[in-house]
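Student: One structure, pasted below without further comment.
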Amino acid sequence: MADHTVQESNDPEKQGKPEFLLPVEDEEELRKLLVPDPENLPATPPSAVETNFVSYFAPDFTKPGHDQYVYRHANGLCVVGLAPGHLAFKDEGGITAVDFNVGKSDRSGMKVTGKRKKNAQHFESNTAICKVSTKGDSYIVRCCVKGSLLEVNDRLIKQPGLLNSSADREGYVAIMMPRPADWLKVKASLMSGEEYAKLREVRVLN
Amino acid sequence: MPGETEAVSLSGTPTTAELAAVSNEEETRILSDAIRSLPPQAVKDLLNSEVCIGCILRLFGFREHFHFRSSISSSMLHSVLGESEHLEHYGILAGSKSGEELEVQQIVCRMCLGILQYLYRNDKGILVQKLSADGLAAYVDEMIKQDGHEIDGFSLELSVPPVLSEHDNAVWSYMKKKYGQEVGIAEETSKCVSVKDALKLAITYPLENMLDVKSSSIPSSFRIRLTYSQTKPSSSMAKSPGETNESCKRRKTADMNGVPVRSSNFSGDQKSSEPCNFPLEKVNEPYYLALVCCRTPIYIGGRYLKFSRNVSQTRWIIDDERKGESSVEEIIGSNILPACQGDSYKFHAAGREDIDVRMLGSGRPFMVEVQNARRVPSEAIIKETETKINSLEEKLVAVKNLKLEVNNGWGLMHEGESEKQKQYCSLVWISRTLEDEDVQNITASKDMKVLQRTPIRVLHRRSPLEREKIIHWMKVERVAGSSQYFLLHLCTQAGTYIKEFVHGDFGRTNPSIGSILGCRAEILQLDVTDVKMDGF
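Residue numbers (this note's numbering), protein chains in the order written: chain Y, 263 to 468; chain D, 4 to 539.
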């Protein structure tokens, strides 16, 4: 590979910007490697969730209309939250408040530390994580999966609207870590995104 | 001191030239004079209690004589001692010339257990008798050559069981008590040269000659280690009168390094202060000798580039299945190993990238540690190896600046790992059209602080923490033919998770490209374009 001096590119945005220097050697080669072929780019690429997680759904979880999702990562961790068909979204004004102080403790207060996830509480699938309230009603959101509760989305306390705008991403509720055996048990009772979409006649956007 | 009137004076450490100048006859004469200078009764006493000539000489502080190849023949002893009884015993203890490998029962010196008689048991348990230090050196030489080592120096390490120094003390105090009036033993402290020192004196020069290199006192990279040990438990001390067998006997088991390991049968105190008595116990078998010749690890370093999105950095095998096509570690290591003719290698890199992330630009610094290289590769061979790796048919990995590293390179790699800045290029898609304002917005930010919770994809094996990282600068490069795709060039603090910075990781990385632009952002590809580090 021959050495080249830095070449000013034709891109007007790049000229005269001293910090932006591709490494001196082989700049041409490097550029060729980096720039994609527009023909190969899909109009809407798969999302990070779609690529890295498998989506499962639990309609009417413990109560009618309490639909929840479980996104499972290849490493076994599960992100849980409200599925599009949840009753709370049908209430006027949508979700207005989120409270993690349910059951015996405030779920937003726990501190999980270390690689071994010390202090993580072990919960059953029907253990309550939080309560979401709309103008006239309130609903309990549950673990859905038996395992250790690693994290709750405490951002929801100050920004409950996240559930209305993006319940499947920034509006996630919690992260669970089930044991492999426990996961296999619960998996049997969950349904796929396709089935759920058909059931509720909604689009399951990933 | 004997030998002072000779042409060659052997005070201090003689040079190779001085030694070479001493003829065989002179050697024999110097040796005989040495023996003659000692009280004859003392010498007979020692010989009678099965102490070899080597140990007799070192007991009285004679050092230089260990350089000699000649030994005292039985006839010489006869003339020195003036007696004819037990000459065959004396002959063997003195080092006879009756053949190399002897299988008849040898009289093993009770003080050095055969070490200075060049008598030992090999790893198969077979008794081996070398005639002299040369024989032992030849054994080492053969092993080194057989293994194919190319060396330019060596350091000699000897390990003997600690009980030998107790033997020395016991014999010395007996000598002092009985012959204290005579010349040469009046001092309080022992002049005794240790077995280790004596052996080292004896074989260093022959080794240097045969290997055609110099030994060094500072640890050289090539180690020759002789370990004498007794793998079977044995009682090493004589009983003192009036005590029972049990309380006096100490069972000592030695591991391969000659370090005594107390077995559960041990009764009595833990200190090694139980005195040996003269005469020492009869020894039936000499020590085992384990010979190990190997080179300390060498380091070959450089920078690597990874062009494939299906090659992991290190071997990645889960449930017997390999992840990815190959690994950087194996591609580089499997070519460096034969160039050094080593036993095995370890791969070290300054940081790492995901399997689906390419490593481009200046490349990432790495070092391959090679165990027991048979040769230190020359510049030419290293250059050849670099070319070989870069010419592989599948252009998965390339290396740059491949060179032999002195140990400093090692520290450099780890130091500053957290201070290193990294440069990346990512292909980003957003859920709306990219506006000029967006481009300006992104480009304008300098040293942006980002809070990242441990990404979900690594949360199973890393601590849940919130880490603050810095994005030093960003640059947007539009992709011709697309309104929603662009190339994001960025320079960040080491340890920043780029993928999560783009897609936000469920909002757990803040800010993110998505949050900055107020829309959904996804990352399709990531490449590392620079790892800043000097010296590689």
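Here a beta-carbon is modelled for each residue, glycine too, at the ideal position from N, C-alpha and C.
No experiment lies behind these values; they were computed from the predicted model shown.
Does the structure place the region 159 to 171 of chain D close enough to the region 111 to 124 of chain D that three or more beta carbon pairs sit under 8 Å?
Tutor: yes
Student: Using DSSP's beta-bridge definition, name the partner residues of S232/D.
Tutor: The residue given as residue 232/D occupies position 229 in the second sequence. In DSSP, S232/D forms a bridge with Y291/D.
Student: DSSP three-state call for G409/Y: helix, strand or coil?
Tutor: Sequence index remark: in the first sequence, residue 409/Y carries index 147 (1-based). Here G409/Y sits in strand by DSSP.
Student: Taking 6 Å as the limit between beta carbons, can you name the residues of its chain near I402/Y, skipping five residues before and five after?
Tutor: What you label residue 402/Y is simply residue 140 of the first sequence in a count that begins at 1. Closer than 6 Å at the Cβ level, and outside the excluded window around I402/Y, lie A390 and K393.
Student: Check the C-beta distance from I385/D over to L405/D and give it rounded, since I have them as a contact under 8 Å.
Tutor: On the second sequence, residue 385/D is found 382 positions in, with the first residue counted as 1. On the second sequence, residue 405/D is found 402 positions in, with the first residue counted as 1. With a Cβ gap of about 5 Å, I385/D and L405/D count as contacting.
Student: With a cut-off of 8 Å, do at least 3 Cβ pairs link the region 190 to 207 of chain D to the region 122 to 132 of chain D?
Tutor: no
Student: Can you tell me whether DSSP reads L49/D as helix, strand or coil?
Tutor: Here residue 49/D is taken as the residue at index 46 of the second sequence, counted from 1. If DSSP states are grouped into helix, strand and coil, L49/D belongs with the helices.
Student: Is there at least one Cβ from chain D nearer than 9 Å to E456/Y's Cβ?
Tutor: Numbered from its first residue, the first sequence carries residue 456/Y at position 194. No, no contact with chain D.
Student: Let me see if you follow: with CB-CB separation under 9 Å, is I526/D close to chain Y or not?
Tutor: The residue labelled residue 526/D in the question sits at position 523 within the second sequence. Yes, its Cβ sits closer than 9 Å to a Cβ of chain Y.
Student: In terms of residue numbering, what span does the alpha helix (DSSP H) encompassing W175/D cover?
Tutor: Taking the first residue of the second sequence as 1, we reach residue 175/D at position 172. Counting along the chain, W175/D sits inside the alpha helix (DSSP H) bounded by residues V166 to Y182.
Student: Quick check: the region 428 to 435 of chain Y against the region 343 to 361 of chain Y, are there 3 or more CB pairs under 8 Å?
Tutor: Cβ pair count under 8 Å is three or more, so yes.
Student: Give, in chain order, every residue of the region 303 to 336 of chain Y whose Cβ lies closer than 7 Å to some Cβ of chain D.
Tutor: Of all residues in the region 303 to 336 of chain Y, the ones placed with a Cβ closer than 7 Å to any Cβ belonging to chain D are L303, P307, S309, A310, N314 and H335, in chain order.
Student: If you draw a straight line from the C-alpha of F310/D to the C-alpha of V414/Y, how long is it?
Tutor: Along the second sequence, read from residue 1 onward, the residue named residue 310/D stands at position 307. Along the first sequence, read from residue 1 onward, the residue named residue 414/Y stands at position 152. Per the coordinates, the alpha-carbon of F310/D lies some 39 Å from the alpha-carbon of V414/Y.
Student: Taking just the CA atoms, how far does G510/D sit from E312/Y?
Tutor: As a first step, residue 312/Y must be located in the first sequence, where it is residue number 50. As a first step, residue 510/D must be located in the second sequence, where it is residue number 507. Roughly 16 Å between the two C-alpha positions.
Student: Along the chain, where does the alpha helix (DSSP H) that runs through P442/Y open and close?
Tutor: Here residue 442/Y refers to the residue found at position 180 of the first sequence. Its alpha helix (DSSP H) spans residues P442 to K449.
Student: Does any CB atom of chain Y fall closer than 9 Å to the CB of P514/D?
Tutor: Mapped onto the second sequence, residue 514/D falls at position 511. Output row for P514/D: interface = no.
Student: Just verifying my parser: in three-state terms, what is the DSSP assignment at G2/D?
Tutor: Because chain D is modelled from 4 through 539, residue 2/D falls outside the range shown and cannot be assessed.
Student: Which chain D residues sit within Cβ distance under 7 Å of P442/Y?
Tutor: Here residue 442/Y corresponds to residue number 180 of the first sequence, with the count starting at 1. What P442/Y touches in chain D, judged by beta-carbon distance under 7 Å, is nothing: the nearest beta carbon there is about 12 Å away.
Student: Answer yes if the region 281 to 290 of chain D comes into contact with the region 324 to 339 of chain D, meaning at least three C-beta pairs across the two stretches below 8 Å, and no otherwise.
Tutor: no
Student: Within 9 Å (strictly less), CB to CB, does R369/Y reach chain D?
Tutor: Numbered from 1 along the first sequence, position 107 holds the residue referred to as residue 369/Y. No, its Cβ sits nowhere closer than 9 Å to a Cβ of chain D.
Student: Check this for me: beta carbons of T512/D and E503/D, under 9 Å apart or not?
Tutor: Here residue 512/D corresponds to residue number 509 of the second sequence, with the count starting at 1. Here residue 503/D corresponds to residue number 500 of the second sequence, with the count starting at 1. Yes, the pair counts as a contact, with Cβ atoms nearer than the cut-off.
Student: Under a three-way DSSP split, which group does R465/Y fall into?
Tutor: In the first sequence, the residue the question calls residue 465/Y occupies position 203. It is coil, neither helix nor strand.
Student: Of all the options Y307/D, S347/D, M213/D and S52/D, which has the alpha carbon lying nearest to the alpha carbon of V111/D?
Tutor: Along the second sequence, one-based indexing puts residue 111/D at 108. Closest option to V111/D, Cα to Cα, is S52/D.
Student: Would you mind listing the beta strand (DSSP E) stretches within the region 300 to 367 of chain D that are 3+ residues and don't spill past its ends, in chain order?
Tutor: 301 to 309 and 347 to 352
Student: Tell me the residue span of the beta strand (DSSP E) that contains I129/D.
Tutor: In the second sequence, counting from the first residue as 1, residue 129/D sits at position 126. Premise fails: I129/D is in no beta strand (DSSP E) and is neither H nor E.
Student: Below 7 Å between beta carbons is the criterion; list the residues of the region 474 to 488 of chain D that meet it against any residue of chain Y, in chain order.
Tutor: W476, K478, E480, V482, A483, G484, S485 and Y488
Student: Which first and last residues belong to the alpha helix (DSSP H) in which E211/D is found?
Tutor: Taking the first residue of the second sequence as 1, we reach residue 211/D at position 208. V198 to L214 is the span of the alpha helix (DSSP H), which, as asked, contains E211/D.
Student: Spatial neighbours of G364/D within its chain, please: C-beta separation below 6 Å, excluding the five flanking residues on both sides.
Tutor: Working through the second sequence from its first residue, we reach residue 364/D at position 361. Around G364/D: T532 and D533.
Student: In the structure shown, what three-state DSSP assignment does K535/D receive?
Tutor: The sequence position of residue 535/D within the second sequence is 532, counting from 1. Residue state, collapsed to three classes: coil.
Student: Which residues mark the beginning and the end of the beta strand (DSSP E) in which T495/D is found?
Tutor: Mapped onto the second sequence, residue 495/D falls at position 492. For T495/D, the enclosing beta strand (DSSP E) starts and ends at Y488 to Q496.
Student: Distance cutoff 9 Å, beta carbons only. Does G305/D sit that close to anything in chain Y?
Tutor: Taking the second sequence and counting its residues from 1, one reaches residue 305/D at position 302. For G305/D, the answer is no, since every Cβ of chain Y falls outside 9 Å of its Cβ.
Student: Is there a Cβ of chain D sitting closer than 9 Å to that of N470/Y, yes or no?
Tutor: For residue 470/Y there is no data in the structure shown, the boundaries of chain Y being 263 and 468.
Student: Taking I110/D as part of the beta strand (DSSP E), name the residues at either end of that continuous run.
Tutor: Stepping through the second sequence from its first residue, residue 110/D is reached at position 107. Note, I110/D: premise wrong, no beta strand (DSSP E); not H, not E.
Student: How many angstroms separate the CA atom of R361/D from the CA atom of S394/D?
Tutor: Looking up residue 361/D in the second sequence gives position 358. Looking up residue 394/D in the second sequence gives position 391. The C-alpha of R361/D lies about 18 Å from the C-alpha of S394/D.
Student: Tell me whether the beta-carbon of I334/D lies closer than 9 Å to the beta-carbon of V314/D.
Tutor: The sequence position of residue 334/D within the second sequence is 331, counting from 1. The sequence position of residue 314/D within the second sequence is 311, counting from 1. Yes, the pair counts as a contact, with Cβ atoms nearer than the cut-off.
Student: Just tell me which of I437/Y, L461/Y and L411/Y has its CA closest to the CA of V367/Y.
Tutor: The residue you call residue 367/Y lines up with position 105 of the first sequence. What sits at residue 367/Y in the sequence shown is Ser, not Val. Selected option, being the one with the closest Cα: L411/Y.
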